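First up is the structure itself, then whatever we jot down about it.
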Amino acid sequence: MYGALWRLMPGPVWLRVTLMIVLFGLILAALVAFVFPWLNTFVNVNDVTVGTNK
Amino acid sequence: MGELLITAGVLVFLFLGWQLWLNDLIVGGQQDHSSVALAHKLAPDASTKVTTTAADYGAPVVTTEPSNATTFAILYIPRLGTTYARTIAEGVGTSDVLDNGWVGHYPGTAMPGQVGNFAVAGHRTTHGAPFHDLATLQVGDKIYVYTADGYYTYVFRGLEYVRPTGVGVLDPVPEVTGVSPTDRIMTMTSCNPMFSASERIIGYASMESWQPISAGVPAAVAAIQLANKG
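Written out as structure tokens, the structure is:
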């Protein structure tokens, strides 16, 4: 998987490394901005009120 | 295949790190900063004079209870941080109030400054976790509540741990049913132990003094407001 990704990158080693870092940064940003908040709506481990338990 | 599984594992840890730590920092910071705008919105003509001594302004003016999910107050607790300011909104629904990182006011309980029990709930972990450090409060710590009508100074009295069904903590006189209240109590509920929902941690405070918005800002609150403006 990562080997294939590495071979997909163009240019010399330093450019490939830079592109990989940028790519992972973008994926991470997308996760934090969109995926994690959405996922969090399904996780309810912390009821904080009294008397309103379903 | 192995790489995929490792990636999935890393993603799970990333999510946990985000949920339990990073998002609290982000939402907490947003709350601190948005409190400046909310304070202005609640009372545009508020005096900015800093007061250091409490004077007697008579019986507190009490704000009327707003509709669900309306933000109507700000909570300042110096013990919980030099920038600690959290929005208080009406209602204790998760998606519309608590998950915004807000502190929620139990509908039907007293409003700030009112005789009875001003009861609020907030997350202890995740979603900004306004009550993450509730257990670090010490007896005598000041808790300031700001509404459009004034600053209400509560003094922390102690902690209690109850089952999730322990609605007695919301009574006008906590844990005593059928008694008409004479004191102004504040009750904070959150989950206990941390990361669990099996019990509730309850923090009690009682009102010490209040001052109308026109009288100025208590010094401790002014320090927090200044820190959040910078």
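Residue numbers (my numbering), protein chains in the order written: chain Z, 1 to 54; chain H, 1 to 230. Even for Gly, the Cβ is constructed at its ideal location relative to N, Cα and C. Predicted model only: the values in this text are computed from it and were never measured.
Gly25/Z CB to nearest chain H CB: under 8 Å? What you label residue 25/Z is simply residue 25 of the first sequence in a count that begins at 1. Not one chain H Cβ lies under 8 Å of Gly25/Z.
Between which two residues does the alpha helix (DSSP H) containing Phe131/H stretch? In the second sequence, the residue the question calls residue 131/H occupies position 131. Taken as a continuous stretch (DSSP letters only), Phe131/H belongs to no alpha helix (DSSP H), as it is neither H nor E.
Scan the segment 160-201 of chain H and note each continuous beta strand (DSSP E) run of 3 residues or more that stays entirely inside, going in chain order. Correct list: 184-192.
Could you work out which residue in Glu199/H, Ala55/H, Thr147/H is closest to Gly166/H when comparing CA atoms only? As a working note, residue 166/H is residue 166 in the second sequence. Ranking Glu199/H, Ala55/H, Thr147/H by Cα distance to Gly166/H puts Glu199/H first.
Taking 8 Å as the CB-CB limit, is Phe36/Z close to chain H? Your numbering for residue 36/Z matches position 36 in the first sequence. It does; some Cβ of chain H falls within 8 Å.
Check whether Ile213/H and Ala46/H have beta carbons under 8 Å apart: Stepping through the second sequence from its first residue, residue 213/H is reached at position 213. Stepping through the second sequence from its first residue, residue 46/H is reached at position 46. Yes, they are a contact pair.
If I measure Cβ to Cβ from Pro78/H and keep anything under 6 Å in the same chain, skipping five residues before and after, which residues do I get? Taking the first residue of the second sequence as 1, we reach residue 78/H at position 78. Counting only Cβ-Cβ distances below 6 Å, and skipping sequence neighbours, we find Ala220.
Using a Cβ-Cβ cut-off of 8 Å, state whether Met1/Z counts as contacting chain H. Taking the first residue of the first sequence as 1, we reach residue 1/Z at position 1. Put simply, the CB of Met1/Z is near chain H, with a gap under 8 Å to one of its CB atoms.
Alpha carbon to alpha carbon, what distance is there between Ala8/H and Ala4/Z? Within the first sequence, the letter at position 4 stands for residue 4/Z. Within the second sequence, the letter at position 8 stands for residue 8/H. About 18 Å.
May I have the straight-line CA-CA distance separating Gln211/H from Ala121/H, to the nearest angstrom? The residue you call residue 211/H lines up with position 211 of the second sequence. The residue you call residue 121/H lines up with position 121 of the second sequence. Roughly 24 Å between the two C-alpha positions.
How long is the line joining the alpha carbons of Asn53/Z and His33/H, rounded to whole angstroms? Taking the first residue of the first sequence as position 1, residue 53/Z is located at position 53. Taking the first residue of the second sequence as position 1, residue 33/H is located at position 33. Reliability fails at Asn53/Z, whose pLDDT of 46 lies under 50, so the model's placement of it is uncertain and no value is given.
By alpha-carbon positions, which one of Tyr154/H, Tyr204/H, Arg124/H ends up nearest to Asp47/Z? On the first sequence, residue 47/Z is found 47 positions in, with the first residue counted as 1. Considering only alpha carbons, the answer is Arg124/H.
Do three or more CB pairs link the segment 185-192 of chain H to the segment 13-20 of chain H at distances below 8 Å? No: fewer than three Cβ pairs fall under 8 Å.
For a cutoff of 8 Å on Cβ pairs, would you count Gly51/Z as touching chain H? What you label residue 51/Z is simply residue 51 of the first sequence in a count that begins at 1. Yes, Gly51/Z lies at the interface with chain H (some Cβ there is under 8 Å from its Cβ).
Where Thr109/H sits in the DSSP three-state scheme: Position 109 of the second sequence, counted from the first residue, corresponds to residue 109/H. DSSP places Thr109/H in coil when its eight states are reduced to three.
Counting only beta-carbon atoms, is Trp14/Z nearer than 8 Å to chain H? Along the first sequence, one-based indexing puts residue 14/Z at 14. By this cut-off, Trp14/Z is not an interface position.
With burial defined as no fewer than 16 other Cβ atoms inside 10 Å of the residue's Cβ, what is the status of Glu3/H: buried or exposed? Taking the first residue of the second sequence as position 1, residue 3/H is located at position 3. Glu3/H comes out exposed.
Residues of chain H with CB closer than 7 Å to the CB of Val48/Z, please, in chain order. Sequence index remark: in the first sequence, residue 48/Z carries index 48 (1-based). What Val48/Z touches in chain H: Leu98, Ala121, Gly122, His123, Arg124, Thr189, Ser190, Cys191.
Distance between Ala85/H and Pro218/H (C-alpha atoms, nearest Å): Here residue 218/H refers to the residue found at position 218 when the second sequence is read from its first residue. Here residue 85/H refers to the residue found at position 85 when the second sequence is read from its first residue. Distance between the alpha carbons of Pro218/H and Ala85/H: 14 Å.
Beta-carbon within less than 8 Å of Trp6/Z's beta-carbon, same chain only, minus the 5 sequence neighbours each way: which residues are those? In the first sequence, residue 6/Z corresponds to position 6, counting from 1. Hits under 8 Å: Arg16, Met20.
Buried or exposed, going by whether 16 or more other CB atoms sit within 10 Å of the CB of Thr70/H? If you number the second sequence from 1, residue 70/H lands on position 70. Burial call: exposed.
Is it a yes or a no for the segment 102-110 of chain H touching the segment 132-149 of chain H, going by three-plus beta-carbon pairs under 8 Å? no
Under a Cβ-count criterion, where at least 16 other Cβ atoms within 10 Å of its own Cβ denotes burial, should Gly91/H be classed as buried or exposed? Along the second sequence, one-based indexing puts residue 91/H at 91. Buried, since its Cβ has 16 or more Cβ neighbours within 10 Å.
How big is the Cα-Cα spacing for Val22/Z and Met9/Z? Position 22 of the first sequence, counted from the first residue, corresponds to residue 22/Z. Position 9 of the first sequence, counted from the first residue, corresponds to residue 9/Z. Looking at the two C-alpha atoms, the distance is approximately 12 Å.
Coarse secondary structure for Lys54/Z, derived from DSSP in three states: The residue you call residue 54/Z lines up with position 54 of the first sequence. Any reading at Lys54/Z must be qualified, since the residue scores a pLDDT of 35, below 50, and its modelled position is unreliable; no value is offered.
With DSSP as the reference, identify every bridge partner of Ile88/H, one or two as the case may be. The residue given as residue 88/H occupies position 88 in the second sequence. The partner list for Ile88/H (beta bridge, DSSP) reads Ala73/H, Val103/H.
Roughly how many whole angstroms lie between the Cα atoms of Leu11/H and Asp171/H? Taking the first residue of the second sequence as 1, we reach residue 11/H at position 11. Taking the first residue of the second sequence as 1, we reach residue 171/H at position 171. Cα to Cα, Leu11/H sits roughly 44 Å from Asp171/H.
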